[in-house]
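A.B. asks: In the working numbering, the protein residues as written are 5 to 373. Note that beta-carbon positions come from the ideal geometry of N, C-alpha and C, so glycine has one too. From a predicted model like this one, the values you see are computed outputs, not experimental measurements. Attaching a single structure in structure tokens format; questions to follow.
What follows is the structure, encoded as structure tokens:
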């Protein structure tokens, strides 16, 4: 007799660690069984999987989804000019309703392009959480804290994060978790960075931060702190296995050793790094060292879309041309970055089609171009 809340995906081509034809039984939110012997009587709902590729949903490890409203704003600018002259002035006019609407629009785009989970940093995050609830997606949400080295602002930013934790962590059938999200070393005081780590550790949360995105950022931090950005964060005790560092474009060999030792995850954003001319992240070296690297889109205004299939393609192509080696980052390795590596970075039991994993599944019709 079929279990309640059960779905059978029958006779489908499964893409995960390998490629095989089988059937998948989903009960509630998890994959219960993968077998060629499953039949229509095993589930309440049956989906014909023939002529379809079934694969784990894609995981976007770095986004600012409400920035969908700012698509095309500030094109052809460097990061600092883009932020200071275009993005931040417009963000000052955003309100909770606009963030909610921008988030819903982004989620429609992500669902359409195969993303089931995203790791987001922005503001009015309870509005984004409301959109997540309505969309059925999975998300890690962080309030982007910026104190600009002001003590009172630091206190208010931490309170916003504490409020988000209280109101949203492990909500929506556990589809929403909260991360602590100090924006970057160049916008956050040392005290805010340290207190962010303490807050994350106290609540067993991820810490999501922009790191080493541009050469100028690295030079400025090095001159101010006497250490490169990752070395600086390591010196003040911020880095650990719960850290998700967005970008990591300009890292030294010493910093790579630190990332490996502290088990930090990198969120690679190829489109954004190309559009803002930030540089090419050393993804090949990261992977060779055993550093976990996921893939992100960043915000739409520095991309200009949320299509993770496009990001996978660019991730592979950038590394091939950067190393002048067509064999680096083969297809399955890049696919793993957008699925299993992302799941590892975010600490979720997803990213592959396996019994016991969350049923965050997408299906691609092979008969549609």
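Sort 243, 246, 255 and 196 by Cα distance to residue 220 and report the nearest one.
C.D. replies: 255
A.B. asks: Given a threshold of 16 other Cβ atoms within 10 Å of its Cβ, counted over all protein chains shown, does residue 45 qualify as buried or as exposed?
C.D. replies: exposed
A.B. asks: Within 7 Å: the Cβ of residue 37 and any heavy atom of the ligand SAM?
C.D. replies: Here there are no bound small molecules, and the ligand SAM is not part of this structure.
A.B. asks: Which partner residues of residue 146 appear in the DSSP bridge assignment?
C.D. replies: 125 and 183
A.B. asks: Whole-angstrom Cβ separation of residue 275 and residue 326, contact assumed at under 8 Å?
C.D. replies: Going by Cβ atoms, the distance from residue 275 to residue 326 rounds to 15 Å, so no, they are not a contact pair.
A.B. asks: Determine which residues share a DSSP beta bridge with residue 303 and list them.
C.D. replies: Answer is none; residue 303 lacks a bridge partner.
A.B. asks: Suppose the cutoff is 6 Å on Cβ atoms and the five residues either side in sequence are ignored; what does the same chain contact list for residue 303 look like?
C.D. replies: Within the same chain, residue 303 has close Cβ partners 68 and 71.
A.B. asks: Inspect the beta-carbon positions of residue 146 and residue 96 and report whether they are closer than 8 Å.
C.D. replies: Using a Cβ distance threshold of 8 Å, residue 146 and residue 96 do not count as a contacting pair.
A.B. asks: Could you compute how far the alpha carbon of residue 338 sits from the alpha carbon of residue 373?
C.D. replies: Rounded to the nearest angstrom, the two C-alpha atoms are 22 Å apart.
A.B. asks: Which stretch, first to last residue, makes up the beta strand (DSSP E) that contains residue 357?
C.D. replies: DSSP places residue 357 in no beta strand (DSSP E); its state is neither H nor E.
A.B. asks: Suppose you measure from the CA of residue 272 to the CA of residue 6; what does that come to, to the nearest Å?
C.D. replies: 42 Å
A.B. asks: Taking the C-alpha atoms as reference points, what is the distance between residue 26 and residue 354?
C.D. replies: 19 Å
A.B. asks: Which residues does DSSP list as the beta-bridge partners of residue 225?
C.D. replies: Answer is none; residue 225 lacks a bridge partner.
A.B. asks: Does the beta-carbon of residue 86 have 16 or more other beta-carbons within 10 angstroms, so that it is buried, or is it exposed?
C.D. replies: buried
A.B. asks: For residue 152, which residues of its own chain have a beta-carbon under 7 Å away from its beta-carbon, when the five flanking residues on both sides are left out?
C.D. replies: 191
A.B. asks: In chain order, what are the residue ranges of uninterrupted alpha helix (DSSP H) at least 4 long that sit wholly in the region 195-260?
C.D. replies: 219-229 and 233-239
A.B. asks: Note down the Cα distance separating residue 16 from residue 53, rounded to an integer number of angstroms.
C.D. replies: 4 Å
A.B. asks: Alpha helix (DSSP H) containing residue 62: first to last residue?
C.D. replies: Following the DSSP letters along the chain, one finds residue 62 in no alpha helix (DSSP H) but inside the beta strand (DSSP E) bounded by residues 62-67.
A.B. asks: If we ignore side chains and look at the alpha-carbon of each, how far apart do residue 89 and residue 98 end up?
C.D. replies: 16 Å
A.B. asks: Once the 5 residues before and after residue 122 are set aside, which same chain residues still bring their CB inside 6 Å of it?
C.D. replies: 64, 67 and 143
A.B. asks: Any chance the region 277-285 sits against the region 225-243, with 3 or more Cβ pairs inside 8 Å?
C.D. replies: Cβ pair count under 8 Å is below three, so no.
A.B. asks: Would you call the region 351-366 in contact with the region 113-129, where contact means no fewer than 3 C-beta pairs closer than 8 Å?
C.D. replies: yes
A.B. asks: Considering only the beta carbon of each residue, do residue 125 and residue 251 sit closer than 8 Å?
C.D. replies: no
A.B. asks: What three-state label does DSSP hand residue 361 in the structure shown?
C.D. replies: coil
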